[in-house]
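Take the position in the sequence shown, starting the count at 1, then add 44; the result is the number in the numbering used here. Beta carbons are placed, not taken as given, at the ideal position from N, Cα and C, and that holds for glycine. The structure displayed is predicted, hence computed values, not measured ones.
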Amino acid sequence: MDRHILLINPWIYDFSAYDLWYKPLGLLSLASLLRIHGVHITFIDCLDSDDPAMRHEPHITMPKRKPSGEGSYAAERIPKPPPLKSVPRNFHRYGMTPRAFQNALKAISRPDLIMITSMMTYWYPGLFDTISVVKSAYPGVPVVLGGNYVTLCPQHAPLSGADFCLPGPGESSLPPLLNDLLRMNMPLLPDEQNLDSYPYPAFDLIRPLNYVPLLTSRGCPYRCSYCASHLLNPSFRRRDPILVADEIAFWHTRFGVHNFSFYDDALLVDAQGMAIPLLQEMIRRRLPVQFHCPNGLHLREITPELSVLLYRGGFRTIRFGFETSDLIRQKATGGKVSNNELVEAIGHLKRAGYRSQDIGIYILCGLPGQPADEVKESIHHVQSSGARPILAEYSPIPGTDLWRDAVACSRYPIAEEPLFQNNTLLPCKSASLTHPIYQSLKRMTRIPLQPEDT
Numbered sequence: 045m046d047r048h049i050l051l052i053n054p055w056i057y058d059f060s061a062y063d064l065w066y067k068p069l070g071l072l073s074l075a076s077l078l079r080i081h082g083v084h085i086t087f088i089d090c091l092d093s094d095d096p097a098m099r100h101e102p103h104i105t106m107p108k109r110k111p112s113g114e115g116s117y118a119a120e121r122i123p124k125p126p127p128l129k130s131v132p133r134n135f136h137r138y139g140m141t142p143r144a145f146q147n148a149l150k151a152i153s154r155p156d157l158i159m160i161t162s163m164m165t166y167w168y169p170g171l172f173d174t175i176s177v178v179k180s181a182y183p184g185v186p187v188v189l190g191g192n193y194v195t196l197c198p199q200h201a202p203l204s205g206a207d208f209c210l211p212g213p214g215e216s217s218l219p220p221l222l223n224d225l226l227r228m229n230m231p232l233l234p235d236e237q238n239l240d241s242y243p244y245p246a247f248d249l250i251r252p253l254n255y256v257p258l259l260t261s262r263g264c265p266y267r268c269s270y271c272a273s274h275l276l277n278p279s280f281r282r283r284d285p286i287l288v289a290d291e292i293a294f295w296h297t298r299f300g301v302h303n304f305s306f307y308d309d310a311l312l313v314d315a316q317g318m319a320i321p322l323l324q325e326m327i328r329r330r331l332p333v334q335f336h337c338p339n340g341l342h343l344r345e346i347t348p349e350l351s352v353l354l355y356r357g358g359f360r361t362i363r364f365g366f367e368t369s370d371l372i373r374q375k376a377t378g379g380k381v382s383n384n385e386l387v388e389a390i391g392h393l394k395r396a397g398y399r400s401q402d403i404g405i406y407i408l409c410g411l412p413g414q415p416a417d418e419v420k421e422s423i424h425h426v427q428s429s430g431a432r433p434i435l436a437e438y439s440p441i442p443g444t445d446l447w448r449d450a451v452a453c454s455r456y457p458i459a460e461e462p463l464f465q466n467n468t469l470l471p472c473k474s475a476s477l478t479h480p481i482y483q484s485l486k487r488m489t490r491i492p493l494q495p496e497d498t
């Protein structure tokens with residue numbers, strides 16, 4: 045008998061949320077693996093904001109999207125969780141309405157198993173509500189919860205109401221559970237060390253498919269003190285760059301996709317082994333596609349050759365991690381780029397054809413012990429170097445090297461309540477980073493660039 049598994053990407057509940065070419069890559073990869081073994085898959089994305097019926101729902105702010113695919117989610121104001129009552133900002137449910145979600149559940153046959161993914165630790169209220177709705181719709185059907193939140197907060201995740209919480213990569217933890225629950229004696233899934241053995245994620249389950257996110261690798265060779273990459277993917281593994289080009293061509297040719305985003309932690313590291321042959325191949329194929337990198341790329345890898353290839357290869361949204369201009373903190377957080385390397389890399393990119401406003405540089409704000417003047421100086425350094433600074437508010441992540449300092453300095457009990465890990469709260473900011481000063485720093489990043497810099 046065919047098995048039917050329902051996969052769900054849950055709601056986001058937060059003060060703000062924006063779709064930077066996001067899709068649940070891990071969940072859709074599992075969907076492809078399960079289909080290979082004869083499992084019937086249904087996918088519901090609670091962040092889907094394109095249901096026409098929602099336009100007639102009261103109190104819904106409908107999304108606006110750019111031609112590149114990025115944009116807002118449909119949003120509905122909801123009550124704040126009790127721990128966040130004192131925060132003077134509105135709280136929202138992002139994605140489809142509860143009615144649209146319930147209608148989607150009614151439209152499918154009863155599944156044998158429900159699998160739900162998770163992302164940010166502080167998004168768990170939306171996740172908990174998602175689980176509550178599916179348990180009400182399908183009582184008795186086991187619910188399996190995986191993803192980043194489960195991996196980073198294994199003691200908190202059982203409060204979700206899920207029957208099983210699986211931290212770590214699902215391709216390794218899922219088969220024994222499927223055997224126990226569904227008597228599915230699945231053969232070994234692809235070799236986890238060989239990413240080219242994996243099938244393409246099941247993006248065909250998404251309609252309309254406006255963009256496709258890509259991974260050329262998992263993990264990162266760096267270990268920055270604020271980053272959880274090594275917790276989510278302990279080893280650094282890469283794909284064959286020509287096979288990545290084949291995947292891009294597949295989604296473009298078969299589904300008409302023109303926009304792709306890269307979510308690698310280290311796309312440019314060892315450029316001779318990945319980025320350069322991939323870019324050369326895409327230029328050779330001359331496909332009418334463009335690429336976006338909302339994650340912070342590594343500036344240290346930028347050379348004149350790579351800058352030209354990025355520009356000619358169609359990389360339109362480029363963002364880089366700089367974090368701070370403070371030399372001591374640069375070394376303490378990972379030492380992946382210096383001030384001089386920033387200036388040099390920006391020069392290479394501009395000579396290749398990028399304008400200052402095209403080159404986004406992330407600056408961390410609200411790190412433990414970080415004075416406001418450090419953020420201000422970092423903004424000035426980026427602007428004087430000829431690029432656009434982007435404030436990235438620090439979110440403390442359990443298990444990272446900076447976690448102990450974050451717990452010690454935060455004015456919130458971040459170790460007990462993941463809601464307080466929300467970067468909107470600036471939970472670890474120093475006394476010098478007052479709200480008026482923070483607002484002034486945000487205004488600084490919006491100062492128009494001089495004509496000669498664009």
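Buried/exposed call for residue i, threshold 16 Cβ in 10 Å
{"i": "P102", "result": "exposed"}
{"i": "S279", "result": "exposed"}
{"i": "I52", "result": "buried"}
{"i": "I158", "result": "buried"}
{"i": "M326", "result": "buried"}
{"i": "Q465", "result": "buried"}
{"i": "F335", "result": "buried"}
{"i": "E317", "result": "Correcting the residue type first, residue 317 is Gly in the shown sequence and not Glu. Classification for G317: exposed."}
{"i": "M106", "result": "exposed"}
{"i": "A289", "result": "buried"}
{"i": "N223", "result": "exposed"}
{"i": "T28", "result": "Missing from the structure shown is residue 28; the chain here goes from 45 to 498 and no further."}
{"i": "A462", "result": "In the sequence as presented, Ala is not what sits at residue 462; that position holds Pro. By the 10 Å Cβ count, P462 comes out buried."}
{"i": "E496", "result": "Because E496 sits at a pLDDT of 48, beneath the cut-off of 50, its placement in the model cannot be relied upon, and the following sentence gives the value as read from the coordinates. So E496 ends up on the exposed side."}
{"i": "W55", "result": "buried"}
{"i": "L343", "result": "buried"}
{"i": "R490", "result": "exposed"}
{"i": "S429", "result": "buried"}
{"i": "N192", "result": "buried"}
{"i": "H100", "result": "exposed"}
{"i": "I49", "result": "buried"}
{"i": "T498", "result": "Note that T498 scores 45 on pLDDT, short of 50, meaning its location in the model is unreliable and no value can be drawn from it."}
{"i": "A151", "result": "exposed"}
{"i": "H425", "result": "buried"}
{"i": "R133", "result": "exposed"}
{"i": "D46", "result": "exposed"}
{"i": "T141", "result": "buried"}
{"i": "P126", "result": "exposed"}
Top-ranked residue by Cα proximity to residue i, from the options
{"i": "I362", "options": "V381, A376, E461, S400", "result": "S400"}
{"i": "I441", "options": "I491, T141, L276", "result": "L276"}
{"i": "Y57", "options": "D173, G340, Y270", "result": "D173"}
{"i": "L354", "options": "K380, S241, A396", "result": "A396"}
{"i": "Q3", "options": "F366, F247, S261, S112", "result": "Past the boundaries of the shown model lies residue 3; the chain is included only from 45 to 498, so the question cannot be answered."}
{"i": "F299", "options": "N223, F247, P243", "result": "F247"}
{"i": "P492", "options": "P213, D402, P198, P321", "result": "D402"}
{"i": "Y62", "options": "K110, G115, S93, L77", "result": "G115"}
{"i": "S422", "options": "T468, N383, G391", "result": "N383"}
{"i": "G443", "options": "K110, P433, I458", "result": "I458"}
{"i": "C90", "options": "A389, R121, L171, P198", "result": "L171"}
{"i": "S439", "options": "K110, W167, K108", "result": "W167"}
{"i": "L77", "options": "Y117, E349, G214", "result": "G214"}
8 Å Cβ cutoff met for residue i and residue j
{"i": "I407", "j": "T368", "result": "yes"}
{"i": "G190", "j": "T165", "result": "no"}
{"i": "F135", "j": "F208", "result": "no"}
{"i": "L249", "j": "A75", "result": "yes"}
{"i": "P252", "j": "L72", "result": "no"}
{"i": "S351", "j": "W65", "result": "no"}
{"i": "Y242", "j": "V301", "result": "no"}
{"i": "Y307", "j": "P234", "result": "no"}
{"i": "G113", "j": "N303", "result": "yes"}
{"i": "P415", "j": "S476", "result": "yes"}
{"i": "L323", "j": "A293", "result": "no"}
{"i": "A144", "j": "A97", "result": "yes"}
{"i": "L210", "j": "V177", "result": "no"}
{"i": "S180", "j": "G139", "result": "no"}
Cross-strand partners of residue i (DSSP beta bridge)
{"i": "T141", "result": "In DSSP, T141 forms no bridge with anything."}
{"i": "V185", "result": "In DSSP, V185 forms no bridge with anything."}
{"i": "Y62", "result": "S116"}
{"i": "P433", "result": "I405"}
Residue i Cβ short of 7 Å to the ligand NAD heavy atom set
{"i": "S454", "result": "Ligands displayed in this structure: none; no statement on the ligand NAD is therefore possible."}
Chain B contact for residue i (CB, 8 Å cutoff)
{"i": "P96", "result": "Judged by its chain identifiers, the structure shown contains no chain B, having just a single protein chain."}
| message | Count Cβ pairs between the segment 450-457 and the segment 470-477 that sit closer than 8 Å; are there 3 or more? | response | Short answer: they touch.
| Is it true that the segment 76-84 meets the segment 198-206, where meeting means three or more beta-carbon pairs spaced less than 8 Å apart? | no
| said: Does the contact criterion of 3 or more C-beta pairs under 8 Å hold for the segment 144-158 versus the segment 86-94? | reply: yes
| Does the segment 486-493 come close enough to the segment 179-196 that 3 or more CB-CB pairs lie under 8 Å? | Between the segment 179-196 and the segment 486-493, the count of Cβ pairs shorter than 8 Å is below three; the stretches do not touch.
| query | Using 8 Å as the threshold, is the segment 376-385 in touch with the segment 259-275, meaning 3 or more CB pairs across them? | reply | yes
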